[in-house]
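Take 12 as the starting number for the sequence shown in our numbering and just add one per residue.
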Amino acid sequence: MTRIIEQAAEAVVITDIEGNIEYVNPAFEKITGYSFNEAHGKNPRILQSSEHTPEFYKELWDTITKGNIWRGMFINKNKKGKNYYEDAVIFPIKDDSGKIINYAKIARDITELKKAENSLREQEEILRTLINSTPDIICFKDGQGRWLEANDA
12 MTRIIEQAAE AVVITDIEGN IEYVNPAFEK ITGYSFNEAH GKNPRILQSS EHTPEFYKEL
72 WDTITKGNIW RGMFINKNKK GKNYYEDAVI FPIKDDSGKI INYAKIARDI TELKKAENSL
132 REQEEILRTL INSTPDIICF KDGQGRWLEA NDA
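#1: Determine the contact status of N89 and T43, defining contact as a CB-CB distance below 8 angstroms.
#2: Starting from the C-beta of N31, find all residues in its chain whose C-beta is less than 8 angstroms away, skip the five residues before and the five after it, and write them out in chain order.
#3: What is the DSSP secondary structure of P146, reduced to helix, strand or coil?
#4: Answer with yes or no whether the minimum CB distance from H63 to chain B is below 8 angstroms.
#5: Per DSSP, which residues does Y34 bridge with? Please list them.
#6: To the nearest angstrom, how far is the alpha carbon of N143 from that of L159?
#7: Let's see if you can read the secondary structure: which residues bound the alpha helix (DSSP H) around P103?
#8: Using a Cβ-Cβ cutoff of less than 8 angstroms, which residues in the same chain neighbour I121 once the five nearest sequence positions on both sides are dropped?
#9: Going by DSSP in three states, A118 sits in which element: helix, strand or coil?
#10: Note down the Cα distance separating E135 from A118, rounded to an integer number of angstroms.
#11: Helix, strand or coil for R82 per DSSP?
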């Protein structure tokens, strides 16, 4: 089991119930720039950017402290201060009696995906602006003949 976690492409973080980091895998080190020794004993707040509200983190903690799984996206910052996007799952680890003894996070760096999405959105906006600024009628239909888009001309 340890080999799986050590070799995973996703970052794995295990904290105590106070949120202090007890374990990080090599993917965490690669994504964040923090070594195990630098992260150990620290709170994951070392990764916080200013992109999320206190309510965001409160909802996250309310979810996991009740024994539930939290899923979502973070905009965190790495050791060099650069923001990165992370698709994450955070869940409680329970002992045999059901008591929460740790929390674990498994996260995937989706920064390149977000950059591609933003680039596509920008290109769509440029195309839409060009289409709407021409005096000629431009329209698009799909394979079934349904209108998809038409300019203002």
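Think of the CB as a built atom: it goes at the ideal place given N, C-alpha and C, for glycine as much as any other residue.
Looking at the coordinates:
#1: One thing to note: N89 has its Cβ within 8 angstroms of the Cβ of T43.
#2: For N31, where only same-chain residues beyond five positions count, the Cβ hits under 8 angstroms are G52, K53, N54.
#3: P146 falls in the coil class under three-state DSSP.
#4: Checking the listed chains, one finds no chain B in this structure; it contains a single protein chain.
#5: Beta-bridge annotation (DSSP): Y34 is paired with I25.
#6: Their backbone Cα atoms lie some 14 angstroms apart in a straight line.
#7: Premise fails: P103 lies in the beta strand (DSSP E), 94–105, not in any alpha helix (DSSP H).
#8: Cβ contact annotation for I121 (same chain, cutoff 8 angstroms, sequence separation greater than five): M84, Y96, E97, D98, in chain order.
#9: In the structure shown, A118 adopts extended strand secondary structure according to DSSP, grouped into three states.
#10: Rounded to whole angstroms, E135 to A118 spans 30 angstroms at the Cα level.
#11: R82 sits in a strand when the DSSP states are folded into three classes.
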